[in-house]
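Per my numbering, the very first residue in the sequence shown carries number 97; after that it's consecutive. Cβ coordinates follow ideal geometry from the N, Cα and C atoms, glycine included.
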Amino acid sequence: MALPRRLTAPAPTWARDVDVVVIGSGAAGLSAALAVRPVRSVLVVTKGVLEAGSTQWAQGGLAGVLDPADSTENHVRDTLVAGAGLCDEAVVRQLVDEAPMSIRYLMRLGAAFDPSHDPVPRPGLDIDIALTREGGHSHDRIVHSGGDRSGAEVQRTLDQSAVGAGAEVLNHAFALDLVVGRSADGSPQAGGVRVAKMDEHGGVVSVGTITARAVVIACGGYGQVFASTSNPPAVTGDGIAMALRAGLPTRDVEFVQFHPTVLWRGRGATGQQALVSEAVRGEGAILFDAAGERVMQGVHPQEDLAPRDVVSAAISARMALAPAGVDDHVYLDATHMGERFAERFPSIHAACREIGIDPAVDRIPVAPAAHYSCGGITADLNGTTTLPGLFAVGEVSSTGVHGANRLASNSLTESIVAGTRVGRDLAWELPRPAQLDDEPDSDITGVLLSPDRLGEVRRTMSRHVGVVRDAGGLATAMESLGALTRAASPDVEPNCASWEATNLLTMASAVVSAALERTESRGCHRRSDHPATEPAWVRHLEVVLDASGAVEVRPEPTSA
Ligand code: SIN
């Protein structure tokens, strides 16, 4: 099946030139913008407004070793165990080493993390900060804010800091495709991005070209490719799809992390679902099925705080047995917290109250939903990709930190560390300018998927490519996506909705292709027809789009 290699759009009518253009305005993008701004001009391009992405919704917090009773070795080990054999240990160590600094940095920027209410302070802890635990962590090392509003505090802090430092922001602007030129030796080099300014309904106002010495992609994952997700509507895989169209390799895209507990609001609820943070289980809540039996007892030594892939798989298996006739959700019992629940988890409490649940006395109905894209554009922790001039940071990237399953609350930390690293590196030195072709300004014509067909993409993905997969379901998904690809048409109006639909179709095709190829179960890729974790599969799969727009899956070349 052939996917578009450029997004259809009118001819550019304006141009801008900056040192650094950052696509995306969450923790990773704004950290990069803030770090580079003192000495460079930087333009942040965001599809909505600054806080429209996933960062704002993160509940748990940031993982980092602050308690002297904990150690970097513990954090490294927990990350590697969760990552199920596909983390890059050296990169994990870089992250874990810099994680405490990144948290203290945010505090110096003004982030208000929750203070400890411990009557006896933790020995040797030099700041008054509450530390909690989430799935897969062997120690308390998650800092949080506003109880369960950690991401919102990180976003607020970085919005103020980056804008205050003079980063310019272009709101309601869709990053369509990379502008790729040549370096001095004739090899390809990123030189900018084609961008559409949009009206409030997502219609095209104008298209322009932003040229830059460095392009930083930081626009998150692709949770919206599934019918039910914790991700906000803006998370449509735009950055990874753009990189694929530019010929870059992506890696590990089959590893979509399903959060075990989003609030179940009834059969068929679709779109963004309210998260019920893992920190609720960190505070002692227990999962039960509808027949009142514990879900995690005997499944894993860490029981309800096992790594996320294990808990999601156990819930799915239990739902398949339909205890007491209930096959689409289980229950989280946090009633031991009583009235303290509302204070510790105000957002979750409000979401529960909206559906008539009082967590102080009722068990909370929950089910797994798509939450985090562990894979992405192949990059290192400095954001360096295979294309000179192009950098990728945060969820959009695959750095080797998360492997086959991300450890809870490592993602905000990674975004701050990697975003700051790339910003600092670009402050020190910019790539030499790319030679850009003097292309005549022209319309890009091709095919787009009609937004009317997006529901089919999402239903297909949730039905056949969810927590547990098999060859039959994946083949059916591939057929449906093939039919949708063939249905893409030059007659579809270019606008935000059709570009997002096309990007999501591209991401769905990449995920299914890699999931079919990986004939084993590992981390958050579970195959009922290949339940074992196979030593031969301790390797990454790359997905690329070939020149005709066909998806190609291949083992990542080893550096040896
Ligand atoms: C949560 O609060 O459970 C989510 C935290 C994360 O995804 O890292």
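Item, Value
"DSSP state of R623 mapped onto helix, strand, coil", "strand"
"H626 beta carbon near ligand 1 (any heavy atom closer than 7 Å)", "no"
"Nearest-angstrom beta carbon gap, A646 and V321 [assumed within contact, 8 Å]", "The Cβ separation is near 19 Å, so there is no contact."
"Ligand 1 heavy atom lying under 7 Å from the CB of H467", "yes"
"Those residues which DSSP pairs with Y427 across a bridge", "F384 and P461"
"Opposing strand residues paired with I119 [DSSP bridges]", "V141 and I313"
"V406 versus H240: straight-line alpha-carbon distance, rounded", "24 Å"
"Length-filtered (4 minimum) alpha helix (DSSP H) runs lying within the region 295-347", "334-341"
"Where F437 falls: helix, strand or coil (DSSP)", "helix"
"E435 Cβ short of 7 Å to ligand 1 heavy atom set", "no"
"Touching by the beta-carbon criterion (3+ pairs, under 8 Å), the region 326-336 and the region 560-580", "no"
"When A611, V489 and H498 are compared against T516, the one with the closest alpha-carbon", "V489"
"Run of the beta strand (DSSP E) containing I473, from where it starts to where it stops", "G472 to T474"
"Beta-bridge partners of S241, as assigned by DSSP", "Its beta-bridge partners do not exist; DSSP assigns none."
"Integer-rounded CB distance, given that A148 should sit under 8 Å from E350", "Rounded, the Cβ-Cβ distance is 27 Å, inconsistent with contact."
"Span separating the alpha-carbon of A656 from that of T325", "Confidence is the limiting factor: at A656 the pLDDT is only 47, short of 50, which leaves the residue's position unreliable and the question unanswerable from this model."
"Cα-Cα separation, P442 to E435", "11 Å"
"Cβ-Cβ distance between W595 and L99 below 8 Å", "no"
"Boundaries of the beta strand (DSSP E) in which P651 is found, first to last residue", "V647 to P651"
"heavy atom of ligand 1 below 7 Å from L371 C-beta", "yes"
"Check: S585 C-beta below 7 Å from any heavy atom of ligand 1", "no"
"Sufficient close CB pairs (3 or more, under 8 Å) joining the region 201-214 to the region 340-360", "no"
"Whole-Å CB distance - V497 paired with V300, under 8 Å assumed", "Going by Cβ atoms, the distance from V497 to V300 rounds to 37 Å, so no, they are not a contact pair."
"E119 to A248 span [Cα, whole Å]", "As written in the sequence, residue 119 is Ile, which differs from the Glu given in the question. Distance between the alpha carbons of I119 and A248: 19 Å."
"CB contact flag (V289, F270, <8 Å)", "no"
"Beta-carbon proximity check, G388 vs H432, cutoff 8 Å", "no"
"Inter-residue spacing [alpha-carbon to alpha-carbon] between D476 and L483", "12 Å"
"Which listed residue (Y468, S576 and A606) has its alpha carbon closest to that of E491", "Y468"
"Through-space distance from L532 to S412, alpha-carbon basis", "51 Å"
"For S538, the nearest candidate out of G232, R101 and P108 (CA to CA)", "P108"
"Residues near A687 by beta carbon distance below 7 Å, same chain, minus five either side", "There is simply no residue 687 to check, as the chain begins at 97 and stops at 656 in what is shown."
"Local Cβ density within 10 Å of S644, reported as buried at 16 or more and exposed below that", "exposed"
"V117 beta carbon less than 8 Å from that of A308", "yes"
"Residue burial classification, S302 (beta-carbon count within 10 angstroms, cutoff 16)", "exposed"
"Neighbourhood of A111 by C-beta distance below 8 Å, restricted to the same chain and skipping five residues each side", "G304, T305, I306 and T307"
"Endpoints, the alpha helix (DSSP H) within which P211 is located", "Taken as a continuous stretch (DSSP letters only), P211 belongs to no alpha helix (DSSP H), as it is neither H nor E."
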